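With the numbering used here, the residue at position 3 of the sequence shown is 11, and numbering never jumps.
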Amino acid sequence: MFNRDRSSSEANPSNKATLISAGTQVSGDIHSDHDLRIDGRVDGNVSSSARIVVGPQGCVNGHMESQQADVTGRVSGDIRVQDLLQLRGDCVVEGNIAAGKLQVEPTATFNGQCQMGGSVTVLQLKKHERAAAEV
9 MFNRDRSSSE ANPSNKATLI SAGTQVSGDI HSDHDLRIDG RVDGNVSSSA
59 RIVVGPQGCV NGHMESQQAD VTGRVSGDIR VQDLLQLRGD CVVEGNIAAG
109 KLQVEPTATF NGQCQMGGSV TVLQLKKHER AAAEV
């Protein structure tokens, strides 16, 4: 009975997640191969091969890097997300963003520069085309 539950959890890595709960403070870098939820405070860089969620009370003072991310708390540092980055609620992001896709709710605050997948290449190409046309 117990072995079956354990093996099904091990067979499905999406059930594995790390939680830094409210009231917890971590100093130092964190890396996880699975989902990571931050409801406390992290003073350091955070990276995940999966998804990072910064909850409404969560705070990250450092850079974040992941496949996907959902921020409703506060991040002071650069964010690099390969797929979808969601800035929700009253979140505050102070830093630059590089993301494949970006979704920002009207109440979110973002102070920094943003670079997104293909659109960055298109903007650079148009700038070079304009410069060539001026010559």
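The beta-carbon is built from N, C-alpha and C at its ideal position, and this holds for glycine as well.
Bear in mind the structure is a predicted one, so any value in this text is a computation, not a measurement.
Asked	Found
Specify the secondary structure class of G108 as computed by DSSP and reduced to three states.	strand
Please report the residue range of the beta strand (DSSP E) in which S40 lies.	38-40
Using 8 Å as the threshold, is the C-beta distance between I101 and G70 below it?	Looking at the sequence provided, one finds Val at residue 101 rather than Ile. Their beta carbons are not under 8 Å apart, which means V101 does not touch G70 by this criterion.
Note down, one range per segment and in chain order, each beta strand (DSSP E) of at least 3 residues found wholly within the segment 53-132.	54-56, 59-62, 67-69, 72-74, 76-79, 82-84, 87-95, 100-102, 105-112, 117-119, 122-124
Leaving out five residues before and five after R82 in sequence, what residues of the same chain have Cβ atoms less than 6 Å from its Cβ?	C67, V100
Tell me whether A30 sits in a helix, a strand or coil according to DSSP, three-state version.	coil
Could you check what DSSP says for D47 in three-state terms: helix, strand or coil?	coil
Are the beta-carbon atoms of D47 and A58 separated by less than 8 Å?	no
Tell me which same chain residues have a C-beta within less than 6 Å of the C-beta of A116, skipping the five on either side of it?	L95, C99
Residues in the same chain with beta-carbon distance under 6 Å from S84, minus the five sequence neighbours each way, listed in chain order, please.	N69, E102
Whole angstroms are fine: how far does the CA of M124 sit from the CA of G63?	24 Å
Roughly how many angstroms lie between the CA atoms of A77 and K109, to the nearest whole one?	11 Å
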